[in-house]
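Report on one structure; see the data block that follows.
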Amino acid sequence: MTAPAVIAWFADIGLHDRARVGGKGGSLGELQRAAIEVPPGFVVTTAAFEQFMRALEERAPLRSRVEALRGVDLGAATKVCAELRAQVEAAPLPPDVLEQISRAHAQLCGANATLPLAVRSSATTEDATDASFAGLQDTFLWITDLANVLECIRSCWASLYSVESVTYRCSRQIPEAGVAMAVVVQRMVDARAAGVMFTRSPLTGDRSVVTIEGAWGLGSAVVGGEVTPDRWVLGKITGDISVRDISDKHVRHVPNAGAGTKTEPVPEDQRRQPCLSDDQLQQLRSIGRKVEGHYGRPQDIEWAIDRITGAMLLLQSRPETVWSAREAAPVAKVAQDPRMHVMSIFGGKP
Amino acid sequence: MKTSNASKGFPLPSSLKVVPGTENAQAAYPYTMQFGKGDDTRFWFYNSMHFPEPMSAFDMVTAEAAYCALGAANTRVHCLPTTLGIDYRVINGRVYIGGNAVTDPAEIARRTEEFQKRAFYYYANWERLYAQWREKMMALIHDAQALPTIALPEFEPLEHVHAGRGIASNHGLLDTYQRTLEGYFRMWHHHFEFLLLGYGAYLTFFGFCKKAFPEITDQTIARMVAGMEAEIFRPDDELRRLARRAVELGVEDKFQAQVSADDILKSLQSQGEAGRAWLAELEVSRHPWFNINVGDGFYHYHRAWNDDLSMPFACLPEYIRRLKAGETLERPVKRLQAERQELIEGYRDLLSTEEDRTAYDQMITLAHRVFPYVEGHKFYCEHWYTNLFFNKIREFGALLKANGFFSAAEDVFHLTHYELELAIVDLMTAWSSGSAPRGPEHWPKIVKERRAAIAEWAKNVTPPALGPVPDVIDDPAIVMLWGITRENLDAWLSADSTQSSNEVRGFAASSGVVEGPARVVKSVEEISRLKAGDILVCQITNPTWAPIFQTIVGAVSDIGGSMSHAAIVAREYGMPAVVGTGNATSRIKDGQRIRVDGGRGIVTILS
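Protein sequences appear in the order of chains A and B.
Residue -2 is where the first sequence starts when you use this note's numbering, and the numbers rise one by one after that.
Residue 12 is where the second sequence starts when you use this note's numbering, and the numbers rise one by one after that.
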């Protein structure tokens, strides 16, 4: 039997691979399989993490120290976590892991060795059953060389030992042996505009509408709440646009000159312009329907429009959790005599 | 804000003053229609949907006949459990109406039992009863068409005498008048025979959709239910057919935008066989499909295409141009049907349980069953029959004018129908006695006064509602026919403070956003002013207006709901429309640049 793969390309994975590629990685693979455009990339699987941790723990135990933190006060935990994170960030990669990541990186970049990439943590628990865990791990944007990519991967792994993550696991008594982290490495979208889409109404739970929010630049400004996004509500079946709230989008996230991203003011004449055209809204609606149809349930989606090509790409799709968790009340009872339904109009208030 | 609004309330009927100088005109309306004792304790609202302009004395017959029939259907025929009929009052030419709710649970239960024996029978036998309805309606129309022409000969025709008729022609006037009136009252009974049941079945489905899909738009529900072959589409279809025939017959060059309908008819008559062939086609289309009037049939001056060919003829040049440009003018019925089916199935698939899907199927099946009536009755009642009726009254007007009662035949509409009978008896008496009638001394002054009053009343802003605000409005008739809800009333009460000066709100009728110059069109004579790219702003539209939808890019109306004609046609043309704004024609100035957001029901005045 061969050793579990350290690298998995999006084209080869799906949701069922979540245990080794994490929720984010599995979802990106699943989307690509459903013929929905995502920025190309690969996942550094949990096998890489395991190899790395094994090598690390040969020198010093780590996971047992986390479990020992259950019930310990926050001050002490913070100190231990800082120490563990530093260990993870400093440790060298096992040669085999290093080689495979380097090779995948070269393949992804092709001729352009400094192609900007996003490095995103993809935890095996994240996005799966408990959405509140989402967002506790790190994402690094606009990374332009291999050395940085490797550093970011270790930072993603290290984020598992942030005091927030550790306290979360400790409070739920999650065993450390099952905790692993995959890392997504994918082409960065230089977004002209980006945002989120829910394939139901976040206000009423109505499944017949999609709600789209977006702003100029990278989606991090919307997700991070730094800008009030434009907001639209579209009929999922009809495409009718029933709400158009165009906001004053004063800032945007853009790539920094060297690497990373920065916040900058939006030029005056663009601030109150809608960041999506009606055609693009319809394109998103149709993507949303396709994704929802693929998963069979309402989705919470992140999207971006490529500044150069104008392509609409998805960065993330996960099941909507708030309304789905509620028991849907029946709308009406089947009537033995269908005419009895009219009594809801003629019969007065019961 | 509910509590503050409730205490704010609307003006009491007793506080509403007759416009100074119009007291006599107000007194012309029968005592049954005047506000009086006890009316201050009830809630009334202005029926601007059906009667958006001050009513002349004669036109009040429509309110009288319609409410008489509506109430009978609700109160006595189908026994709606929670509502009786509608009471109405007139002040300053405006019709206020008030519902008559049943609130006692025991009485509701008693009426429910009756309702299910009656209304449920209609639902179960809808197609048969509706087929029978059409026969009754056509018979009524034929009766009206068969009424004798109004005339008084100097001497009784010899053949009448030799035949021993024993009844002189002056009696014929009274007989014809009473039969004219009787037919109109009867027509309104037919009108309401199915109407509330039809709307009720539609609203049942509507309510289900709103509950299952809280953010669904009214127009989407309307699109799921609307038919494709309804009578209201026929007049426009006929125009397209006539345009096609003109091209086929090679007479299309006669149809020029600047040439009047009369001149076109003359030139076709002199065009030889082809011209006459087209005129024969015109006759086929006119009867019955040009029996649609340019309003909703409630005012005598809403004339039919048949009485004024300028509207249909104004649209022919554009249809001909499009045909010659290679377009097919056929309505894409198959595509529209497929789209409707996709909508129905799309929404059905979103329901989460089999139980809900079955209930949905039951309700939409019933809605589809009743809808041909809801869509079709207007052509027969408000258009065809109403035209015959007002035109018959016009004949009396012409006779009275010829006998010196009026300076114009149209003056007849300033008499109530009771007064008109009196004037007719006056003439009958004069004809028999050989003396001069008394009317010429009596009526001209009164007509002048009433005409001036209508002009005054048109300038007078009347409150949208009167009296104490009810806590809830669950009278199904009022909700169904007028769309009045407690939320509407709250909006009316706070209208002064919240109304943005450049925004006009109405029902979202057909989605999409468009900007363009507003063309405020108040009568048919003005339609030639509409140019490509204009946005039509009008009081109300109906089938007559359909052809002009080919020119404009958006539509805004004062009156109408999501099932109104403007809404239906705008959706067919895929054109943004906002209807039922209440006051777009007075707030938007001709030529102003406006933005119509048909998905949200908002019109913004841009300049």
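Just so you know, even glycine gets a beta-carbon here, dropped at the ideal spot from N, CA and C.
Remember, it's a predicted structure, so these values are computed and weren't measured experimentally.
Between B:Leu81 and B:Phe203 a beta carbon distance of about 5 Å is seen, short of the 8 Å cut, so the two are scored as contacting. Taking a C-beta distance under 8 Å as the contact criterion, A:Gly22 and A:Trp139 do not qualify as a contact pair. 8 Å or more divides the Cβ of B:Leu279 from the Cβ of B:Leu207. Residue nearest to B:Ser67 within the set B:Asp98, B:Trp289 and B:Thr33 is B:Thr33 (criterion: CA-CA distance). Of the residues A:Gly344, A:Leu95 and A:Val263, the one whose Cα lies closest to the Cα of A:Leu143 is A:Leu95. Given a length threshold of 4 residues, each whole run of the alpha helix (DSSP H) inside the region 390 to 435 of chain B is given here in chain order: 397 to 413. In this structure, DSSP gives B:Leu163 a state outside helix and strand, which the three-state scheme calls coil. With the criterion set as a beta carbon lying under 7 Å from some beta carbon of chain B, the members of the region 318 to 336 of chain A are Ala325, Pro327, Val328, Ala329, Lys330, Val331, Ala332, Pro335 and Arg336, in sequence order. B:Thr427 and B:Lys412 have their C-alpha atoms spaced approximately 16 Å apart. Listed along chain A, the residues sitting closer than 8 Å to B:Gln373 by beta-carbon distance are Val331, Ala332, Pro335 and His338. Around A:Gly216, the same chain offers Ala188, Ala191, Gly192, Glu299, Ala301 and Leu312 as residues with beta carbons nearer than 7 Å, after the five sequence neighbours per side are excluded. Counting the other CB atoms within 10 Å of its CB gives B:Val515 a total of 16 or more, which places it among the buried residues.
DSSP places B:Phe56 in the strand class (E or B) of the three-state scheme. Taking a Cβ-Cβ cut-off of 7 Å, B:Ile97 has no neighbours in chain A, whose nearest Cβ is about 16 Å from it. For B:Met60, same chain residues with a beta-carbon under 7 Å away, outside a window of 5 residues either side, are Trp493 and Ile570 in chain order.
Here A:Cys153 is near A:Val180, since their CB atoms are less than 8 Å apart. In summary, the residues of the region 194 to 207 of chain A whose CB is separated from some CB of chain B by less than 7 Å are Ser198, Thr201, Asp203, Arg204, Ser205 and Val206, in the order they occur in the chain. Taken through DSSP and simplified to helix, strand or coil, B:Phe324 comes out as helix.
Under the three-state reduction of DSSP output, A:Leu231 falls in the strand class. Cβ proximity to chain B below 8 Å picks out Val230, Gly232, Lys233, Ile234, Thr235, Asp237 and Ile238 from the region 219 to 238 of chain A.
B:His201 is classed as buried because its beta carbon has at least 16 other beta carbons within 10 Å across all chains shown.
None of the residues of the region 559 to 593 of chain B has a beta carbon lying less than 8 Å from any beta carbon of chain A. Among the residues of chain A, none has a CB under 8 Å from the CB of B:Arg606; the nearest is roughly 11 Å distant. Here DSSP, grouped into helix, strand and coil, assigns A:Lys259 to strand.
The C-beta of B:Met149 has fewer than 16 other C-beta atoms within 10 Å across all chains shown, which makes the residue exposed.
Of the candidates A:Ile171, A:Arg60 and A:Ile305, the residue whose Cα lies closest to the Cα of A:Met185 is A:Ile305.
Within the region 524 to 544 of chain B, not one residue has a Cβ closer than 7 Å to any Cβ of chain A.
Contacts with chain B (Cβ-Cβ distance below 9 Å) from the region 260 to 290 of chain A involve Asp275, listed in chain order. Pairing A:Ser99 with A:Ala308, the inter-Cα distance amounts to about 28 Å.
At a cut-off of 8 Å between beta-carbon atoms, B:Leu377 makes contact with chain A. The beta carbon of B:Tyr40 sits closer than 8 Å to those of Ala68, Met71, Val101 and Thr427, all from its chain and outside the five residues before and after it, given in chain order. Of all residues in the region 227 to 250 of chain B, only Ile227, Thr228 and Thr231 come within less than 7 Å of chain A when Cβ atoms are compared, listed by chain position.
With contacts defined by Cβ atoms closer than 8 Å, B:Gln550 and B:Pro63 form a contacting pair.
Judged by DSSP secondary structure, B:Val480 falls outside any beta strand (DSSP E); it is assigned neither H nor E. For A:Ser341, the neighbours in chain B by C-beta distance under 7 Å run, in chain order, Thr215 and Gly218. Per the DSSP secondary-structure output, A:His250 pairs in a beta bridge with A:Gly214 and A:Thr260.
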